[in-house]
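Visitor: All you need for this note's numbering is the position in the sequence shown, starting with 1, plus 720. Glycine is no exception: its CB is placed at the ideal position from the N, C-alpha and C atoms. First the structure, which I've put down as structure tokens, then a few questions once you've had a look.
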Amino acid sequence: MTGRGMTGRAHAADVMNRAAPEHHTLDAEIERIRREARRRFGSFVLDVANPGSHFRNKECRPLDNRVFEQAGGLGLMGFSLPPEIGGEGRDKLAWGVVVEEVARLSRDPGFAVLLDISVEITELILSSGTPELIETYVPDLVAGRRFGVQGAYESRDPYDYHSTARLEGDVWVLNGAKRFLAGARFADLFVLFLRDEASNDMLAFLVEKDDPGVTPVHMDTMGMHTMGLGQVILHDVRLPAARLVWRADALSELNTYARIRRTMSACGVLGALDGVIENCVNALDPRKRGGRRVLEYLNVERSVGEMRMLLQSARASVYRALDGTRSPDRDPYFDEYATVAKHHASECALRVGQLVMSLQGGEAYMSAFPWERFMRDILGLISGQGSQEMLLLQLGQRTIVDLEGKRVREEAAERAVSKLADGWWALHAAAHGGGEEYADAVAAVVSAAGLDTSDTFDAFEPAARGAVAALLERAHALVAAVRAGRPPEALPQGPEGLFEGRLARLAAGAWGLLACGVANETGLLARLLEPCTVREAAEDLLPPALAEGLLEALVAASVVRRDGEGRYVADEGLERVLIGGPRASAFTARLRRALDGGARLRDGKPVAGRESLTGCGGEAAALADVLVNSLLGRLEGLPELLDRPGAQVGCAAGDGGRSAVELARHIPFVPVLALEPEPVTLGTAGGDGEIRIRVDDGTGRTAAGFAARDFKEAGGFKEADRLALAWLPASGLPDPEQLRAAVGTATEALLPGGWLVLPCPLPPKRPLGAAAARLDLALAGGRTPADGEVEGALTAAGLGHVRTAWDDTALGVRLIAARRPA
Ligand SMILES: Cc1cc2nc3c(=O)[nH]c(=O)nc-3n(C[C@H](O)[C@H](O)[C@H](O)COP(=O)(O)OP(=O)(O)OC[C@H]3O[C@@H](n4cnc5c(N)ncnc54)[C@H](O)[C@@H]3O)c2cc1C
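Here is the structure:
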């Protein structure tokens, strides 16, 4: 049977299309509204608003404001205003499409913008909540009988206006001038933003053109001549208190206004662009040059193509902003999409203007044709509605704050998990029966946890100690059962109600860590990247009651939250450790090390290998990623050395090849020489990288002890190894002498100019966290070098450029780097 017969498919589109018959695209919705706008308002624009536009513009005469009354009669003014005040209540997406369509048909680019300004002014008045203002002005504005505009601009910062308002008794006295208002020459009302002389707060007032002391003044501009751009001068204008639009903080309200005005300006730009492109192509249609129609020249096709591309990309950003106006999550003051839309549409318009000028040749510069006017008008977009430059500044500031906030949330979330480990280790240390091996580290934890002061200790003995031991017994039994694939039906009893005071807090942390470790190992935590019910979270993973118990414990530990619908979702800061990848492996390794270390302290099992050391095993991928993607360019000369024929990367992690594999995956094509205490089989784990294993001489040294002697003898690095980079996790070197020896042999093996990089533990600053991290590492068979010890060893070996090249407090690791002099 042929493929076609088997599947009934005949064309690529049969497979590649993902059409869903019930799906309606945003474009389809917009197209429907566009048709409605054309049907309802098209002839009004073409027959009423357009005639005379060319000469009005030439004579710098503003629109006749009676045209707005006709627009009101047609329902244009009330299209998006609430039904309670006689509007149609359509959303802002629909209104934006109407503004675009009006601008497309209009010979007057300012007309659609003015319509929108009056609509937004109506909304500002509605938002005042002052019945007197609303009843007096709103009906006239909706009907288009009166026309309102906004004045804020003074060529100063918005918090620093010269124009002021002063309260005298119950009358406000306004003085000053607003220097740039669209529609000032024919508006009946102005919403003006002024500084309160008493408080310096920004206030807004509704001012009528006929209020005594108000003088609208004509202002000459480069373009937009029919828009009635002008100024408003205020001289001892006395207003009743009811004319105050909001009681305080009008700046925030101005930002809300700017947010929607930016979007609507951009809609006007779309319409103007669509119109000018069509007119431009139509005007070129009869034109011939060199005996051919210019529209057939490749360069002309290309320019028209560019204009179309600019229009479509402007549409994409503007429609997205319009769609965003319907989202309940929209920022009330700063709308990133609106800002992008205004900026991008304006830049597109400026470029289209340039292309039109170029395509139309000499006619482009003649006032009798519309092109030079288009060019002059759109130049107003450079500063109107927030200057292009300021929009970028705002976007930049916003982006930086958002990214910094994200980083802070991520670090805080990971730190919160590591803080749970404080309680875990405190309980294990307190319950530890004695034994020499970890005595100092255990005592340090008990002391840092405050469990050794006599009061606490008395309270702790003997019943509490028994309860702690029993709690840990239940915790480790749970881990063992889950790992053995026999999870219990429910979470065993936790610490609630068992302890008091400090011990209760530590026990709660310990239980949180247990829940986190189990949820992470079983995959339950990763499921919570999306909000889940208990059933969804548990499905095919764990018994529901156990999952629910774990989820509640995670909620209590603030690692997970329950949303309004009772679904569980992980703290958003944990996303980067739950989606997979190097950071997730490091997170998992850390939790596993705590669970395993706790078990080891209880039953004294020996250390299995070096995989749990800081910077090794599960943490290696994250560090190799940092090495290549953050540090490579900062370790001077390293990229060139790695390119050198015969150069190698040396890896002395000795963690069963796991670090070597990660280095080989991240630095393919350069062989990795891995020092291992025993032979290892790696398969194809290293990808493109070649890994050469060098094993020690098999004299039965402990894993931790192998490093120093092997470097010198059978299995260490040798001078002939030509290492461009040597990777040497410091936590695996048992004492300062062996650290110095390992650094010395690695240095001899480096090429001149080669780098030695040592992953080192970075304990938290809080005393209990630091003591717990030391105990944790000691139980994994490692050690935390003293402050300055590693740097001292590097300097003693004759290395230069010694520095902490990278650190991460959430991971608890830093990379110390040093360079062999060339
Ligand atoms: C066609 C048109 C219509 C308008 N209609 C109205 C209207 O109806 N009502 C109204 O109130 N206003 C109106 N304006 C004015 C408009 O709001 C302002 O021109 C606009 O906000 C820019 O303010 P600005 O002129 O003070 O320029 P600035 O804000 O001073 O910007 C100029 C440049 O200075 C730099 N700059 C300014 N501040 C900073 C800063 N904090 N940090 C770093 N750099 C900075 C930037 O490079 C910026 O590009 C209109 C303007 C035009 C062109």
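Do the CB positions of residue 945 and residue 895 come within less than 8 Å of each other?
Guide: Contact: no.
Visitor: Give a single yes or no on whether residue 672 has its beta carbon closer than 7 Å to a heavy atom of ligand 1.
Guide: The chain is shown from 721 up to 1542; residue 672 falls before or after that span and cannot be answered.
Visitor: Give me the DSSP bridge partner(s) of residue 1526.
Guide: Paired residue(s): 1535.
Visitor: Might you give, ordered along the chain, the residues of its own chain that have their beta carbon closer than 8 Å to the beta carbon of residue 1359, omitting 5 neighbours on each side?
Guide: 1352, 1353, listed in sequence order.
Visitor: Can you give me the C-alpha to C-alpha distance between residue 1426 and residue 1182, rounded to a whole angstrom?
Guide: Its pLDDT being 34, under 50, residue 1426 is placed unreliably by the model, and the measurement read from it follows with that caveat. Their backbone Cα atoms lie some 43 Å apart in a straight line.
Visitor: Using C-beta distances below 6 Å, list every residue in its chain close to residue 1344, excluding the 5 sequence neighbours before and after it, in chain order.
Guide: For residue 1344, where only same-chain residues beyond five positions count, the Cβ hits under 6 Å are 1382, 1383, 1386.
Visitor: If you reduce the DSSP assignment to three classes, tell me which class residue 909 lands in.
Guide: Residue 909: strand per DSSP, three-state reduction.
Visitor: Rounded to a whole number of angstroms, what is the C-alpha to C-alpha distance between residue 1529 and residue 1535?
Guide: Residue 1529 and residue 1535: Cα-Cα distance of roughly 12 Å.
Visitor: Return helix, strand or coil for residue 837, following the three-state DSSP convention.
Guide: It is helical.
Visitor: Taking just the CA atoms, how far does residue 1035 sit from residue 746?
Guide: When rounded, the distance between both Cα atoms is 11 Å.
Visitor: Please list the segments of the alpha helix (DSSP H) lying wholly inside the segment 1279–1331, counting only runs of 4 or more residues, in order along the chain.
Guide: Taking only runs of at least 4 residues, the alpha helix (DSSP H) segments lying wholly in the segment 1279–1331 are 1295–1298, 1302–1323.
Visitor: Grouping DSSP H, G and I as helix and E and B as strand, with all else coil, what is residue 1223?
Guide: In the structure shown, residue 1223 sits in a helix (DSSP, three-state: H, G or I).
Visitor: Suppose the cutoff is 8 Å on Cβ atoms and the five residues either side in sequence are ignored; what does the same chain contact list for residue 1005 look like?
Guide: The residues are 1013, 1015.
Visitor: Can you tell me whether residue 1504 is helix, strand or coil according to DSSP?
Guide: Coil.
Visitor: Is it buried or exposed for residue 1102, if we count other Cβ within 10 angstroms and need 16 for buried?
Guide: The residue in question, residue 1102, is exposed, as its Cβ has fewer than 16 Cβ neighbours within 10 Å.
Visitor: Determine, using beta carbons only, whether residue 1038 and residue 1065 come nearer to each other than 8 Å.
Guide: Going by C-beta atoms, residue 1038 is nearer than 8 Å to residue 1065.
Visitor: Tell whether a beta-carbon distance below 8 Å holds between residue 892 and residue 867.
Guide: No; because the gap between Cβ atoms is not below 8 Å, this pair is not in contact.
Visitor: So, helix, strand or coil for residue 785, using DSSP?
Guide: If DSSP states are grouped into helix, strand and coil, residue 785 belongs with coil.
Visitor: Considering only heavy atoms of ligand 1, does any lie closer than 7 Å to the CB of residue 900?
Guide: Yes, Cβ of residue 900 sits closer than 7 Å to a heavy atom of ligand 1.
Visitor: Below 8 Å CB to CB, which residues in the same chain sit around residue 1432 once its five sequence neighbours on both sides are set aside?
Guide: With a pLDDT of 39 at residue 1432, under the threshold of 50, the modelled position of this residue cannot be trusted; read the value that follows with caution. The answer, listed in chain order, is 1461, 1465.
Visitor: Can you look up residue 885 in the DSSP assignment and give me helix, strand or coil?
Guide: Residue 885: strand per DSSP, three-state reduction.
Visitor: On the criterion of 16 or more Cβ atoms from any shown chain inside 10 Å, does residue 1120 qualify as buried, or is it exposed?
Guide: Classification for residue 1120: exposed.
Visitor: Using the rule of at least 16 other Cβ atoms within 10 Å of the residue's Cβ for burial, across every protein chain shown, is residue 1029 buried or exposed?
Guide: Classification for residue 1029: exposed.
Visitor: With a cut-off of 8 Å on the beta carbons, I'd call residue 974 and residue 906 a contact; round off their distance for me.
Guide: Wrong, their Cβ atoms sit about 23 Å apart, outside the cutoff.
Visitor: Please check the pair residue 1158 and residue 1497, which I expect to be a contact at CB under 8 Å, by giving their CB distance rounded to whole angstroms.
Guide: In fact, because the Cβ distance is near 11 Å, the residues do not count as touching under 8 Å.
Visitor: Using the DSSP secondary-structure output, state which residues sit across from residue 898 in a beta bridge.
Guide: Answer by DSSP bridge pairing, in chain order: 952.
Visitor: In angstroms, rounded to a whole number, what distance separates the CA positions of residue 941 and residue 1104?
Guide: Taking the straight line from one Cα to the other gives about 12 Å.
Visitor: Under the rule that 16 or more other beta-carbon atoms within 10 Å means buried, what is residue 841, buried or exposed?
Guide: The residue is buried, with at least 16 neighbouring Cβ atoms inside 10 Å.
Visitor: With a cut-off of 8 Å, do at least 3 Cβ pairs link the segment 1239–1259 to the segment 1219–1231?
Guide: At 8 Å Cβ cutoff, the stretches do not touch.
Visitor: Would you tell me roughly how many angstroms separate the C-alpha atoms of residue 1085 and residue 1526, rounded to the nearest one?
Guide: Taking the straight line joining both Cα atoms gives about 59 Å.
Visitor: Mind reading off the beta-carbon distance from residue 947 to residue 902? Whole number of angstroms is fine, and I expect it under 8 Å.
Guide: Going by Cβ atoms, the distance from residue 947 to residue 902 rounds to 5 Å, so yes, they are a contact pair.
Visitor: So residue 935 is in the beta strand (DSSP E); what residue range does that whole segment cover?
Guide: Start and end: 934–938.
Visitor: Within the present structure, is the beta-carbon of residue 1109 separated from the nearest heavy atom of ligand 1 by less than 7 Å?
Guide: Yes.
Visitor: Is the CB-CB distance between residue 1495 and residue 1145 below 8 Å?
Guide: Cβ distance < 8 Å, so residue 1495 and residue 1145 count as in contact.
Visitor: Determine the contact status of residue 1436 and residue 1540, defining contact as a CB-CB distance below 8 Å.
Guide: In this structure, residue 1540 does not lie closer than 8 Å to residue 1436 by Cβ.
Visitor: Please find out if some non-hydrogen atom of ligand 1 comes closer than 7 Å to the beta-carbon of residue 939.
Guide: Answer for residue 939: no, Cβ out of range of ligand 1.
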